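Visitor: In our numbering, the protein residues as written are 1 to 151. No residue lacks a Cβ here, since even glycine has one placed at the ideal position from N, Cα and C. Quick caveat, the model's predicted, so the values are computed rather than measured. Would you mind keeping the following structure in view while I ask a few things?
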Amino acid sequence: MLTGEAGAPFNQLARAYKAKGLGWVAIGDQNYGEGSSREHAAMSPRHLGARVVITRSFARIHETNLKKQGVLPLTFANPADYDRIRKDDRLSFRDLDKIAPGRPVTVEIRHADGSTETFEARHTLTAEQIGWFQAGSALNLIRRQVAAGAG
Numbered sequence: 001m002l003t004g005e006a007g008a009p010f011n012q013l014a015r016a017y018k019a020k021g022l023g024w025v026a027i028g029d030q031n032y033g034e035g036s037s038r039e040h041a042a043m044s045p046r047h048l049g050a051r052v053v054i055t056r057s058f059a060r061i062h063e064t065n066l067k068k069q070g071v072l073p074l075t076f077a078n079p080a081d082y083d084r085i086r087k088d089d090r091l092s093f094r095d096l097d098k099i100a101p102g103r104p105v106t107v108e109i110r111h112a113d114g115s116t117e118t119f120e121a122r123h124t125l126t127a128e129q130i131g132w133f134q135a136g137s138a139l140n141l142i143r144r145q146v147a148a149g150a151g
């Protein structure tokens, strides 16, 4: 935790990371985003700097809305990997420049003690949705496409 505060509210932590120019990752359990089908539920994490959400499972509409916002929704290939992540870990995502439909993402965990381990995560992104992620959101991609066509 970069703020050094134990028990700080989530939105306070997210704002502190954003102020430092750092993205962050949310780790969720089952049916992440349940009851959060409105687009604003996915816009807020993106606005506060979320880059990735890794869960055991997603509520379907929320997962789609995260994709539109350019936040990478991943699920643990092995749901037990959820328990390997500690609150003071740093996560890295290998080869995101090569992300492709159906290709798992390798996640590296760097623990506070310096040890590392990896696990596989899955995604359901289509080629079009990968473009949204790479552009930072669907709207960003559309804006770029319009600008390129107007030139």
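Which whole runs of the beta strand (DSSP E) in the stretch 89-144 are 3 residues long or more, in chain order?
Guide: Listed in chain order, they are 90-93, 105-110 and 116-122.
Visitor: Considering Cα atoms alone, identify which of Ala-8, Pro-101 and Glu-63 is closest to Gly-131.
Guide: Among Ala-8, Pro-101 and Glu-63, the Cα nearest to that of Gly-131 belongs to Pro-101.
Visitor: Look at the alpha carbon of Gly-136 and the alpha carbon of Val-52, and state the distance between them as a whole number of angstroms.
Guide: Distance between the alpha carbons of Gly-136 and Val-52 is about 11 Å.
Visitor: Taking the DSSP output, what are the residues bridged to Pro-73?
Guide: Answer by DSSP bridge pairing, in chain order: Val-53.
Visitor: When DSSP labels each residue in this structure, what does Ile-85 get in the three-state scheme?
Guide: Three-state result, Ile-85: coil.
Visitor: Here's a check: name, in chain order, each residue in its chain whose Cβ is nearer than 8 Å to the Cβ of Arg-144, leaving out the five neighbours to either side.
Guide: Correct list, in chain order: Ala-135.
Visitor: Could you name the residues of the same chain whose beta carbon sits closer than 6 Å to that of Leu-68, not counting the 5 residues immediately before and after it, in chain order?
Guide: The question names Leu, yet the displayed sequence has Lys at residue 68. Ala-138, listed in sequence order.
Visitor: Using 8 Å as the threshold, is the C-beta distance between Pro-79 and Arg-56 below it?
Guide: Cβ atoms of Pro-79 and Arg-56: closer than 8 Å.
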